[in-house]
Amino acid sequence: GQSLEQPSEVTAVEGAIVQINCTYQTSGFYGLSWYQQHDGGAPTFLSYNALDGLEETGRFSSFLSRSDSYGYLLLQELQMKDSASYFCAVKSNDYKLSFGAGTTVTVRA
Amino acid sequence: EAGVTQSPTHLIKTRGQQATLRCSPISGHTSVYWYQQALGLGLQFLLWYDEGEERNRGNFPPRFSGRQFPNYSSELNVNALELEDSALYLCASSYQQGLSTGELFFGEGSRLTVL
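Protein chains in written order, with my numbering: chain A, 1 to 109; chain B, 110 to 224.
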């Protein structure tokens, strides 16, 4: 089976940097994804890491260390619209995507 | 291009009844995934269909079932509804076994309330 751990809540001010950590335990690990979900909305894909290292997409970056079973999502230059829930998700070799419980990010003015 | 569409948006049932939720994937996508998201919680994997076959299922009782049609649309059936089945049911699609980027395309969900 799979288990993922991420913080439940993070609060920061506009313009700040937030790092959301995710540790996982899984068999048949393929990669780590990140999704964003605004209240009442559909989760939307942010990034995917299959190999160790940092992937940058605009203000958001994602990192993976396979040896440490650890990854993080970095949100830079926070904006009010970034207030949402962020989920890490592990892709395993049975093509299942298993999600963490999510981190609620609140951006204050 | 239309995204993943789900119906109904909201559904209210009573305990013991059955609920049927429907999902149309993005054109060209052959895989459909169903997830349950209880209030304030993460997404729990329910079922995965690909090319009309059930490929994997999560840790849910057999009263949660579904199918995928030849046009790749899917329906989720929940029998003998219980209060704890109240949740947002999310459908997602991807290319055939196409999780090469770990990307699923989600619909807006069907909110099921069991009274």
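C-beta atoms are modelled at their ideal positions from N, C-alpha and C, and glycine is treated no differently.
- As the crow flies, the alpha-carbon of A/ASN93 is around 6 angstroms from that of A/PHE29.
- Buried is the label assigned to B/GLN146, since at least 16 other Cβ atoms lie within 10 Å of its Cβ.
- Along the segment 154–179 of chain B, the positions whose C-beta sits under 9 angstroms from a C-beta of chain A are PHE154, TRP157, ASP159, ARG164, ASN165, GLY167, ASN168, read in chain order.
- Among the CB atoms of chain A, none fall inside 7 angstroms of the CB of B/LEU130.
- Where A/PHE63 is concerned, the enclosing beta strand (DSSP E) starts and stops at 60–65.
- Annotation for A/ASP82: LEU75, VAL105, VAL107 place their beta carbon closer than 7 angstroms to its own, counting only its chain and skipping 5 residues before and after.
- In the three-state DSSP reduction, B/LEU199 falls in the strand class (E or B).
- Residues GLN25 of the same chain have their beta carbon placed closer than 6 angstroms to that of A/SER3, with the five preceding and five following residues left out of the count.
- With respect to the C-alpha of B/PRO170, the residue from B/ASP194, B/GLN126, B/ALA201 having the closest C-alpha is B/ASP194.
- Nearest CB-CB separation between A/PRO7 and chain B: not below the 7 angstroms threshold.
- Going by DSSP, B/ARG220 is part of the beta strand (DSSP E) stretching over 219–223.
- Residue burial is scored here from C-beta neighbours: B/ALA196 has at least 16 other C-beta atoms within 10 angstroms and is therefore classed as buried.
- In the three-state reduction of the DSSP assignment, B/LEU130 falls in the strand class, which pools E and B.
- Nearest neighbour of A/ARG59 by Cα position, chosen from A/ASN49, A/GLY15, A/VAL10, A/THR11, turns out to be A/GLY15.
- A Cβ of chain B is located within less than 7 angstroms of the beta carbon of A/GLY102.
- Under DSSP, B/HIS119 shares a beta bridge with B/ARG220.
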